[in-house]
Every structure is written in structure tokens, then in C-alpha cells.
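*Asks:*
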Amino acid sequence: MQELLDFARGPLFRLTIALMVLGLLRVLILDIWGAITAYRRAGDRQLAWGDALRKTIAWLFPVKRVFTKRPIYSLCSILFHIGLILVPVFFLGHVQLWKSSIGLSWWTLPEFWADLLTVTTVVFGLTLILGRVGSAQARYLSRKQDYLWIPLLILPFITGYICTNMVLSPNWYVILMLIHVVSAEVIFVFLPFTKIAHCVLMPLSQFILALAWKFPARVDDKICTTLNKKGAPV
Amino acid sequence: MNRLSVTKSILWFITGLAVTFGAARMFFGLGAVSNLSDATPWGIWKGINVVPGIALAAGGFVVTAIIYVMRHHEYHRYAKVSVLLAFLGYITAATALVVELGLPWMVWHPIVYWQHHSALFEISWCVILYLTVLFLEFIPTPMEETSRFAGIRRFLIKYKIVLVFLGIMISTLHQSSLGTLFLITPEKLHPLWYSSLLPVLFFISAIAIGPLMLIVGVLTISTLYNKPLEMDKLSKLAVISMIVLIVYALIRWIDLAATAKLAIAFTGSWQTLVFWAENSLLLFIPIILLAIPSVRRTRTGLWTATGSAVIGMVLNRANMAGIMFVATGKAYTPTMYEIVISLGILSAAILAFLFCIERFNIWDVKWSSDEERPEASPRFGHASDVWLGTPRIAGRMVYSLVFVFSLAVGLAILPVNRIQSAGVSDVPAAKARGGATLFIDGNRDGYGVVFAHDDHAKRLGGDSACVQCHHSNVPMDKQSGCHECHRNMYVNADVFRHDWHAAPAGGNLTCNACHQADRQRTAETAVACDHCHKDMVPTGATITLEQYLAPSYANALHGMCIACHQEQARVLAEKPDLGRCASCHTLDDVPMYLPDDVITAYRDTMYNHVVLPQSNSQTDGN
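If you read the protein sequences in the order shown, they are chains L and R.
So in the working numbering, spot 115 of the first sequence is number 115, and the numbers just go up one at a time.
Positions in the second sequence are counted from 1; adding 1000 to them yields the working numbering.
Right under this line is the structure:
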């Protein structure tokens, strides 16, 4: 068990975190590259930059949107995200690991807040599943990964909470820590290739949406030709 | 997936791995990834990338000479390819050189610091000059893409013949001087390879391999992009190479016979096996295959003959540059990481070659639209079954994924144990000996520094000057010496000993005796040493303690002396050299108060490191 844990904390961790960081960089670069190509080709270069920027910021802090449709679900989602982002990055134990391995350290969460945010993440994650299952519209839109992601995301939070706050026998500690590490690594691997990539693509999405309605120059002629209606007004 | 995409994906994968390992080499030094040492400083990078890279780049000057000097304009179509191959060959060699030099940031030194006696000085100038020439020969091709450089382009094409001649001159010098380099190793290089004709042999073999390498390049393009070959022209070029190869073989074998070394080839040692393998690959197989017209006019025949010659050439140069060096110390086997870096540099060069071929007007493989490209057939991502877009966009997505994946794999299999090496061995620092004048020799190896302690104290202001240097005492002590805390010669020492303070048999302190009760127990939230040890820091000490680690003895004493000495060297006009190494590390680095005959005896035993006769009990014990 201990050997497995060492492997999961060593080479497997390096592999998966590199896949996550580089994979996210890759999708970010590919998206920007594609967007620049689309913008260059567009016949109409007018883009509502300010509007897209306003929408991006509005979605980053969706306070106004919370109480319009499905208010409880939206509120749970926001609270879920806070712990999900803060705890893995600013938990003292994690920062100490970074410090001892690569020598970098940063600000950490007080223990009380780390525990509280862990609990909120788990609780609101479960609420989000219930909200998805409970609404017929949401069920209709959901794919398998939408149901699987939240249990996978809260699994390291549950195991991490147990490992830090309970007195465990060494065997149980190693087993739970192994689940904690491996589940986090599964998240790392799938993160850049699934919908969770929105963690870096989110700032781009409004701009790309705006760009998506720009067509390449003279594309209307091509459409008309394809439809055998040459010369028809578009 | 088609042939081209598979090839490119594999190349991207190897390149990615090599980038990670190469980064590890650059950040953590040669020892992190390679087995190179002072005894075997030339490894696989020299043997596979640098020396053969130069030889395989010979096509650049041979083919341009055939076209522009001998005026065989029927080969004009191959000029750009051969220049590109030569350019990439030299870049490969230069890149590998930067990777394998111990201090790569000093690679520019030969330009400024001239050393006319060195063969490597001439070689480095040849590399610099010929790279420039090749760059100027190659750059008009990509310049076609924009009209901005039209003037420069026209100028370079107009005076191309000058560049061609310069290229021939510098290459002649460079190829032969690589052979000259090995003339200085008669007792190191195996006799089957060592010859006083090495410069001639290097030059002639380079001429032979140049056109063959061009043919390999053309065959690669034709295979990957399904383009027809001009068999008659290629086989004619191959015949030229074959004739030169025969000349080379004659010179080499007659030289071996004339210097009475031929018999060594039949002794059956592993070196002779390599010798026969090299000669078969480089000489026998290509010469025989190319001599038969019906063989050299087929694609397979040409592939076999040229491929064999190129591999034989790499083996020949690798033998010269390392394999056949009589072991002068520890045997050297390259690590996996070295091999991957070596292959990665080659892969990157091939990718650059394919990029230039596709992108620029070098060969007729430029596509006017994406549908024409060989990988244009409808394709779907294997994971998602989604159409990935036009070939160019699909390529971008697939290759970047492969590259990212290989970078991550490389990071996972990084040689962590080599990077986190055991480090410097733990040498305890010993007390400085003497009285008014101290002899500082922390590791007791006999090489030390004589330090006029009382003289320094007097000059710095008498008794009040102590605290300018002495900044901490061991508990219960006054005037503790440096070695008490700076206990290790080369590594930091833990002077706090947390576990001792906490242990019942030691300090027997509870956690909260030092740490604040309601906070995380880290060093930052604990009380400072002088909370309990009131007299530990002398009043007025100029140096403050900031952490629980004492720097190594060597660093501590260097840090203490050098800053002040350099400062004084600026202030005191009569002592401008005070800041230099030799002002302390003098030749008289033995205690000055000893009588002369004792000093002589001391030096004899210390400096000559007298080898004591080995006793039997010692060997038995081992």
C-alpha cells in the first residue's frame, strides 16, 4: 500500500499534473489561435468587445443572475465553486508539499476556513446532483459526465477531510490518502479534455460566441451557389 | 491515420520527451541526465549528433558544387533540398553542442577569446562561418512568402555563386579539420581508425556521403508525400558518390595495409566486429548495390544502398568520436535520457525538414488547398469520433496533443534520484588551529588559509571589534569558534535540532513552550532562540540569525571575508588585489610560525599525497 501511495505521489502525480497544466495551456492556445484565424477571415470585423467583456465579468460574479431562474441551484453552484478552487490551492498541507518539493510557497487558508469550505463543497456538490436529478429539463440536457463529475470532484474533499480531522489507524490513513491522491489525479487527467476545461476557457467563451456569428468574407455567395440560388439576396 | 501523420506523431512524441530531459539538463546540469564525466566528456551527443551531423550536411557544398561550379544544371531541382538538409544538419550539430557543453552559456567564447593553437578553435570558427553561409543560402526560400524582403532576396540570389564558393571553401576546411582533431589522439584512438591521413579520409568520405544524404532526403519526401522520383538523375548522382566511396575505400585500406595494421582486423575482438560492420554498411553494401544498374534504378535498391551508407557514416563518425577511444578510465554507457535527447534532436530536425518542405517552395509538395494534402481523407478523432477539421487544423490538434502528452510522460519519468543527488559528502569542519595567527583548514587536507586573527581585531578596533565577526555563541559558551555552528565543510548544518529540544531525553519541552497554542506549528509561529538562550547573540553583533540552518563552513568563511576584502580593495589604493582569491589562498598556506624544515616536511606529505603501501589487512577487510 505504502509503495502504491509513493508511486501515486511521485511519478503519477508529476504525469497527471503536467497533463493538466500543459493540456489546459494547449486548449487555451488552440482556442485563441482558432479565434484569431476566424477574426482575420471574417468579412465583418465589427465586434462588440465591450459587451462581451461585460458579459464575461457578469458571468464571473453571477450575482445578478442568481435570483432570476433556479435561484437555489445557482447559489449552490457559486458556493460549491468557492471551496472547490480555494481549498486545493491554499490548504496548508498542500502548500507545505509544494514548499518541500519545489521550494515555492504561498498564502494559506486558516485551518477553520479550510475545514468549513471543504464541508460546504461536499454539501453543495451533493445538492447540485439533487438539483440536476430533480429537474426534468436539467435531466433532459444532462450527459453521463455531468452526473459523474460531481461525485468525482467531491471524493478527494471527503477523503482529505477525514485524513486531516480524524484519528485513524495507519492502514486506514494510507488507504484513504491513496484514494484522495488517485481521485485527484483522475480529475487532473480528464480536466483539460472535458467540460471542466471551462476553468481556463471561461474568459474566452463570450468572445468566441460573439466571433461565431461572424462569417468569412463572401461566404454568402458560397452558400447561394451551394443552394443553387446564385444571385439571390441574403 | 495515414503514413505522414503517424510519422509526424512519433517524431513529435520523441521531441517532447527530449524537450523535458533537455530542460532537466539545462536546469540541473549534465549529471542530472547523462553519464558524461571528466574521464569521458564526449558521449553519445557528440557521436550521434555533432560529428555525424556535420558529415551528413556535406550535401550542401557537394551538390551546389556539382550544380553551380561544374554546371550540371540538370540537378538544379535538388539545390534547395540539399541546402536545407545541410542547414538542418549544422543546426542539429550546433544544438547538440549547446546541450553537451559543460558551460553552454560560454559557447560564444571562441569568437572573442582566440586560441590559435587549438584545433577546436578552427573548427568552431568553421561552424560559425558555414552556418552563416548556409543561412544566407537558405533564407531566400522562405522570403518568397512575403514581398517585404524582395530586395534582400534578389541580392542574395544574384550573388549566390559567392556563397557557393564560400561554402565549398569553409566546408573543405571544416570537414578535414574534424579529422585533424583526432590526429592528436594517436595513443587513445583504436589503431584501425587512427591514421595520419584522417583529414583526407574525413574530407573524401564527406564528399561521398553528401549526395547520398540528398537521395535519402528525396526518397523520404517521395515516400511520405507520394511524389514521383526522377530515377535516372538520382541514380546518376548515386554513381558519383559510389566512385568517391571507392576512392575512399582504396585510400583507407591501402593505408591500413601500408601501416601494417590490417592484421588487427582479423583478431576477432569486439572492435574488429564493429570495424567490419562499419565497412560493410558504409562501403561494401552501397558500392556493390550501386554498381548494379538494375538495382540502383529501383526505389528499394536506392533506399537500401543510401540508407546503409548513411547509417555506416554515422557509425564511422561515432567510432571516431567516442566508441573506439581506448577506455582511459571509467567505462561510459549512455543513459536512457541521453539517448532520448539525441533522438529528439534528430526528430526535431526531421520535423523542421518536413515543415519547410510543406510550407516553402522547395519541392513540388506545396498544397494550394487543404483538400490536396496527403492526410486530407476524412478523419475522425479516435477518442471522440468528431471530425477534427481541415488537415491543417486536425494536424495542429493531434500533434499538440501528442507533444503535451510526451512532455508529461517525460516529466513523470524524470531521473528524480539523479536530480536530487546525494549531494556533497558530509565533511565535518574542524577547528582552526593556532593562536594570534590562525591556520584555517576546515577539512584538514593541508590546503588552508593563514588568518592573522589578532592583527585583524586590532585593525578593526580592538576588543569592541569582536562582534563585527562573532555573531553567535553555543549555549553556555563565550567566543565560540566558527566551526561550532558551521559544522559541515560544504553543506548547511542544522544548528537548532528540533527533535532534541522536544525529546524527553533532551530539552524535554512541550510543543507550546515555543509554538503559539492556537496556530499552525511552523517555524514562523515559534519563538526565537534568544527567548530562552539570553546570551546566545553577543550584544552589538552585526550579523543577525535568520534561520535554523548554518551555512557551510566554506560559504560562511568566504561570505565573512570576501565582502569586506572587496570593499577594502576599492578603498585602499595600495592594496588593489585585496579582493582576489590569491590574497588569502597564497602559496604559503601552511602555518607561518613553523620552522622552515617543518614546513618543507609538511608540504611534502600534504601536497604530494604520499601513497602509503597497502596493507593486506586492509584489502581483506574490503
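C-beta atoms are modelled at their ideal positions from N, C-alpha and C, and glycine is treated no differently.
Values in this document were obtained by computation on a predicted structure and should not be read as measured data.
In or out: T1092/R buried (at least 16 other Cβ within 10 Å) or exposed?
*Replies:* So T1092/R ends up on the buried side.
*Asks:* For H1585/R, does the count of other Cβ atoms within 10 angstroms reach 16, so buried, or fall short, so exposed?
*Replies:* Looking at its Cβ environment, which holds fewer than 16 other Cβ atoms inside 10 Å, H1585/R is exposed.
*Asks:* Closer than 7 Å, Cβ to any Cβ of chain L: which residues of the region 1501-1531 of chain R, in chain order?
*Replies:* Flagged, chain order: Q1520.
*Asks:* Once DSSP output is grouped into helix, strand and coil, what is the label at D1232/R?
*Replies:* D1232/R: helix per DSSP, three-state reduction.
*Asks:* Sorted by chain position, which residues of the same chain lie with C-beta nearer than 7 Å to V1386/R's C-beta, five sequence neighbours on each side aside?
*Replies:* Same-chain partners within the cutoff: F1380.
*Asks:* Tell me the DSSP bridge mates of L1189/R?
*Replies:* Paired residue(s): F1325/R.
*Asks:* Might you give, ordered along the chain, the residues of its own chain that have their beta carbon closer than 6 Å to the beta carbon of A197/L, omitting 5 neighbours on each side?
*Replies:* Counting only Cβ-Cβ distances below 6 Å, and skipping sequence neighbours, we find V27.
*Asks:* Looking only at C-alpha atoms, which of V1081/R, F1027/R, R1077/R, L1173/R sits nearest to G1102/R?
*Replies:* Of the listed residues, the one whose Cα sits closest to G1102/R is F1027/R.
*Asks:* Using a beta-carbon distance below 9 Å, is H1609/R in contact with chain L?
*Replies:* Interpretation of H1609/R is limited by its pLDDT of 47, a score under 50 that renders its predicted location unreliable; the figure taken from the coordinates is listed afterwards. Not one chain L Cβ lies under 9 Å of H1609/R.
*Asks:* Look at the alpha carbon of L1354/R and the alpha carbon of G160/L, and state the distance between them as a whole number of angstroms.
*Replies:* If I take the Cα positions, the gap works out to 49 Å.
*Asks:* Could you tell me which chain L residues have their CB closer than 7 Å to the CB of L1407/R, listed as they occur along the chain?
*Replies:* Per Cβ cutoff of 7 Å: A18, L22.
*Asks:* Shorter than 9 Å from the beta carbon of R14/L to some beta carbon of chain R?
*Replies:* R14/L counts as touching chain R.
*Asks:* Just to make sure I have the definition right: I need the residues of chain R whose C-beta is within less than 7 Å of the C-beta of P11/L. Which are they?
*Replies:* Under the 7 Å cutoff, chain R gives A1412, I1413.
*Asks:* Which residue's Cα is closest to the Cα of Q137/L: I78/L, F215/L, K69/L?
*Replies:* Looking at the Cα atoms, K69/L is the closest of the given residues.
*Asks:* Anyone know if the C-beta pair for L92/L and Q1520/R falls short of 9 Å?
*Replies:* Yes; because the gap between Cβ atoms is below 9 Å, this pair is in contact.
*Asks:* Return the CA-CA distance between W1625/R and K1160/R, expressed in angstroms with no decimal places.
*Replies:* Outside the modelled stretch of chain R, which goes from 1001 to 1622, sits residue 1625/R, for which no answer is possible.
*Asks:* With DSSP as the reference, label G1016/R as helix, strand or coil.
*Replies:* Three-state DSSP puts G1016/R in a helix.
*Asks:* What residues in its chain sit with their C-beta under 7 Å from that of I17/L, if we drop five residues either side in the sequence?
*Replies:* Excluding sequence neighbours, I17/L sits near F188.
*Asks:* Can you look up V1527/R in the DSSP assignment and give me helix, strand or coil?
*Replies:* Three-state DSSP puts V1527/R in coil, outside helix and strand.
*Asks:* Three or more C-beta pairs under 8 Å: does that hold for the region 1212-1226 of chain R against the region 1183-1190 of chain R?
*Replies:* The region 1212-1226 of chain R, when compared against the region 1183-1190 of chain R, does not touch it at the 8 Å Cβ threshold.
*Asks:* Going by the CB atoms, is the gap between G1031/R and R1332/R shorter than 9 Å?
*Replies:* A small correction: the amino acid at residue 1332/R is Tyr; Arg does not occupy that position in the sequence shown. It is not a contact, given that the beta carbons lie outside the stated cut-off.
*Asks:* In its own chain, which residues sit with a C-beta less than 8 Å from the C-beta of A217/L, not counting the 5 before and 5 after it?
*Replies:* If we look at A217/L and ignore the five residues flanking it on each side, its Cβ neighbours are R41, A42, G43.
*Asks:* Can you tell me which of K195/L, A184/L, L141/L, R54/L puts its alpha carbon nearest to the alpha carbon of L153/L?
*Replies:* Checked all of K195/L, A184/L, L141/L, R54/L; the closest Cα to L153/L is A184/L.
*Asks:* For a cutoff of 9 Å on Cβ pairs, would you count E3/L as touching chain R?
*Replies:* No - not a single Cβ of chain R is within 9 Å of the one on E3/L.
*Asks:* Please state whether DSSP places W1253/R in a helix, a strand or coil.
*Replies:* Helix at W1253/R.
*Asks:* Return the residues of the region 1389-1402 of chain R that lie within a Cβ-Cβ distance of less than 8 Å from chain L, sorted by chain order.
*Replies:* Flagged, chain order: I1393, R1396, M1397, S1400, L1401.
*Asks:* DSSP three-state call for V123/L: helix, strand or coil?
*Replies:* V123/L: helix per DSSP, three-state reduction.
*Asks:* Classify K1080/R as buried or exposed, calling it buried when 16 or more other Cβ atoms lie within 10 Å of its own Cβ.
*Replies:* Burial call: buried.
*Asks:* Residues of chain L with CB closer than 9 Å to the CB of V1404/R, please, in chain order.
*Replies:* Under the 9 Å cutoff, chain L gives A18, L19, L22, G23, L25, R26, P192.
*Asks:* Please decide whether W98/L counts as near chain R, where near means a Cβ-Cβ distance under 9 Å.
*Replies:* False, the Cβ-Cβ gap to chain R never drops below 9 Å.
*Asks:* At 4 residues or longer, what runs of the alpha helix (DSSP H) sit wholly inside the region 1043-1096 of chain R?
*Replies:* For the region 1043-1096 of chain R, whole alpha helix (DSSP H) runs of length 4 or above, ordered along the chain, are 1051-1056, 1059-1064.
*Asks:* Quick check on DSSP: helix, strand or coil for H1609/R?
*Replies:* At H1609/R the pLDDT is 47, less than 50, meaning the model places this residue with poor confidence; the figure from the coordinates comes in the next sentence. It is coil, neither helix nor strand.
*Asks:* Considering only residues of the region 1466-1524 of chain R, which uninterrupted alpha helix (DSSP H) runs meet the minimum length of 4 residues and lie entirely inside it, listed in chain order?
*Replies:* Counting only runs of 4 or more, we get 1466-1469, 1482-1485, 1498-1502.
*Asks:* If the cut is a Cβ gap below 8 Å, which residues of chain R does L30/L touch?
*Replies:* Here the neighbours are R1396, M1397, S1400.
*Asks:* Measuring straight from C-alpha to C-alpha, what distance separates I1014/R and V1404/R?
*Replies:* I1014/R and V1404/R: Cα-Cα distance of roughly 11 Å.
*Asks:* Measure from the C-beta of V1467/R to each C-beta in chain L and report whether the shortest distance is under 9 Å.
*Replies:* Not an interface residue.
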